[in-house]
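Chemist: Under full-length UniProt numbering, the first residue of the sequence shown is numbered 631, with each subsequent residue one higher.
Below is the structure I would like to discuss, written out as structure tokens.
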Amino acid sequence: HAKEAGRNNFQFYTPAMNAKTLKRLELENNLRRALERDEFVVYYQPQVEIQSGKIIGMEALVRWQHPHLGMIFPGEFIPVAEDTGLIVSIGERVLRSACAQNKSWQDAGFPPLRVSVNLSARQFQQQNLVKHVAQILRETGLDPRWLELEITESLAMKDVEFTGKNLFELRKMGITIAIDDFGTGYSSLSYLKRLPIDTIKIDRSFIRDITSDPDNASIVSTIIVLAHNLKMKVIAEGVETEEQLSFLRQQQCDGMQGYLFSGPLLAKDLEGLLAVAKVL
Ligand code: C2E
Ligand code: MG
Ligand code: MG
Ligand code: MG
């Protein structure tokens with residue numbers, strides 16, 4: 631049976647696919663080795679509360695520090711990591727690092743802040759996800775209220791029953807939940823009232839043109855009103871200009887994350903900012 635399938639596959643194996651598959655295999659092997667050699671580094675991008683100008687949290691963003699190729703961004707390896715399932719191990723590394731780092735900042739006397747960690751669909755499908763997260767919190771000693779998990783809209787919608795069950799359990803532990811890249815998944819909005827969501831992160835693509843494209847401006851202001859009516863906070867992603875910030879301030883957007891204030895930083899480089907009371 632398997633032999634037959636194998637033979638069939640072989641027929642469709644063109645040279646182009648061969649090269650592509652080889653590349654993928656190579657990347658997969660390299661990712662495995664990177665895990666063994668601990669080459670993944672977590673960067674932290676501060677999130678600022680618009681009204682108070684205070685840092686309210688940071689998002690953990692993984693990078694691969696390759697010994698020869700230098701820094702590799704998630705866009706280049708997360709898709710393969712997802713396909714191969716390696717994202718589960720990588721994501722676990724990131725979650726553990728982020729929790730440990732946040733705890734150590736708190737122990738060092740910095741004002742307590744929330745750290746947000748991206749969760750991929752693959753991680754979310756793990757049967758023992760909730761137990762696993764609880765274990766990492768126990769091991770690192772981080773109070774769950776200082777952890778936020780980011781999931782994408784498409785993940786939230788995929789299986790509202792199953793997703794909801796996991797999310798409610800995580801929420802019960804005290805963890806908060808954010809919807810990432812909001813507005814990019816084609817979706818009915820009904821999941822918003824069925825799932826325990828604390829924060830909506832408006833995708834960068836809407837923020838980019840808010841000051842030049844009236845359609846995007848109304849989409850963004852409508853999302854803010856919607857979120858507030860549902861008792862959720864809103865964070866704007868990819869804020870790069872003062873004009874964007876002032877629009878968001880006018881619309882009473884709660885938080886911002888973007889190059890205007892800071893890109894993702896190494897933990898030690900963020901420390902200087904954490905000590906500043908008001909950054910905006
Ligand atoms: P995301 O979760 O939506 O993260 C925001 C991305 O926008 C980050 O890209 C960040 O560096 C970038 N960004 C922030 N501010 C600005 C800005 O003002 N302008 C522009 N042009 N970009 C800005 P990054 O770090 O390359 O990450 C890309 C994506 O990779 C993330 O999007 C997330 O979906 C995924 N990712 C990153 N780390 C992890 C992880 O640990 N686990 C999983 N599953 N996915 C991750
Ligand atoms: Mg994110
Ligand atoms: Mg995002
Ligand atoms: Mg994204």
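Here a beta-carbon is modelled for each residue, glycine too, at the ideal position from N, C-alpha and C.
How many angstroms separate the CA atom of S784 from the CA atom of E712?
Modeler: On the sequence shown, position 154 is the one that residue 784 refers to. On the sequence shown, position 82 is the one that residue 712 refers to. Each residue's alpha carbon lies about 15 Å from the other.
Chemist: Since E689 contacts S746 with CB under 8 Å, what's their CB separation in whole angstroms?
Modeler: By 1-based counting over the sequence shown, the position of residue 689 is 59. By 1-based counting over the sequence shown, the position of residue 746 is 116. With 8 Å as the limit, E689 and S746 qualify as a contact, their Cβ atoms being about 4 Å apart.
Chemist: Looking at N748 and ligand 1, is the gap between the Cβ and the nearest heavy atom below 7 Å?
Modeler: Here residue 748 refers to the residue found at position 118 of the sequence shown. Correct: N748 has its Cβ closer than 7 Å to ligand 1.
Chemist: Within this structure, are the beta carbons of I807 and D789 separated by less than 8 Å?
Modeler: For the purposes of this step, residue 807 is identified with residue 177 of the sequence shown, where counting begins at 1. For the purposes of this step, residue 789 is identified with residue 159 of the sequence shown, where counting begins at 1. No.
Chemist: Distance check for T651 and I686, CA to CA, integer angstroms please.
Modeler: As a first step, residue 686 must be located in the sequence shown, where it is residue number 56. As a first step, residue 651 must be located in the sequence shown, where it is residue number 21. If I take the Cα positions, the gap works out to 43 Å.
Chemist: For L910, is the beta carbon positioned less than 7 Å from some heavy atom of ligand 1?
Modeler: For the purposes of this step, residue 910 is taken as the residue at position 280 of the sequence shown. Because no heavy atom of ligand 1 lies under 7 Å away, the Cβ of L910 does not count as near it: no.
Chemist: Can you look up residue 605 in the DSSP assignment and give me helix, strand or coil?
Modeler: No answer is possible for residue 605: the residues shown for the chain start at 631 and end at 910.
Chemist: Please tell me whether T782 and D737 are closer than 8 Å, where the distance is taken between their beta carbons.
Modeler: Position 152 of the sequence shown, counted from the first residue, corresponds to residue 782. Position 107 of the sequence shown, counted from the first residue, corresponds to residue 737. Not closer than 8 Å, so no.
Chemist: CB-CB under 6 Å to A730, same chain, minus the five flanking residues each way: which ones, in chain order?
Modeler: For the purposes of this step, residue 730 is taken as residue 100 along the sequence shown, with counting starting at 1. Cβ within range, chain order: T770.
Chemist: Got a sec: does ligand 1 put a non-hydrogen atom nearer than 7 Å to the Cβ of residue 580?
Modeler: With the chain represented from 631 up to 910, any question about residue 580 goes unanswered, as that position is not in the structure.
Chemist: M886 and A866 look like a contact to me (Cβ under 8 Å); what is the Cβ gap, rounded to whole Å?
Modeler: Position 256 of the sequence shown, counted from the start, is the residue given in the question as residue 886. Position 236 of the sequence shown, counted from the start, is the residue given in the question as residue 866. Indeed they touch by this definition, with Cβ atoms about 5 Å apart.
Chemist: So, with DSSP's three-state summary, where would you put T793?
Modeler: As a first step, residue 793 is located in the sequence shown; it is residue number 163 there, counting from the start. T793 falls in the helix class under three-state DSSP.
Chemist: Does the Cβ-Cβ distance between M774 and M803 come in under 8 Å?
Modeler: The count along the sequence shown starts at 1 and reaches residue 774 at position 144. The count along the sequence shown starts at 1 and reaches residue 803 at position 173. In the sequence under discussion, the amino acid at residue 774 is Pro, which differs from the Met named in the question. Yes, these two residues count as a Cβ contact at 8 Å.
Chemist: Can you round the beta-carbon distance between E679 and D884 to whole angstroms, since I take them to be within the 8 Å contact cut?
Modeler: For this step, residue 679 is matched to residue 49 along the sequence shown. For this step, residue 884 is matched to residue 254 along the sequence shown. Going by Cβ atoms, the distance from E679 to D884 rounds to 7 Å, so yes, they are a contact pair.
Chemist: Are the stretch 656 to 676 and the stretch 872 to 883 in contact at 8 Å, needing three or more beta carbon pairs?
Modeler: no
Chemist: With a threshold of 16 other CB atoms inside 10 Å of the CB of Q874, please say whether the residue is buried or exposed.
Modeler: Within the sequence shown, numbered from 1, the residue matching residue 874 stands at position 244. Under this definition Q874 is a buried residue.
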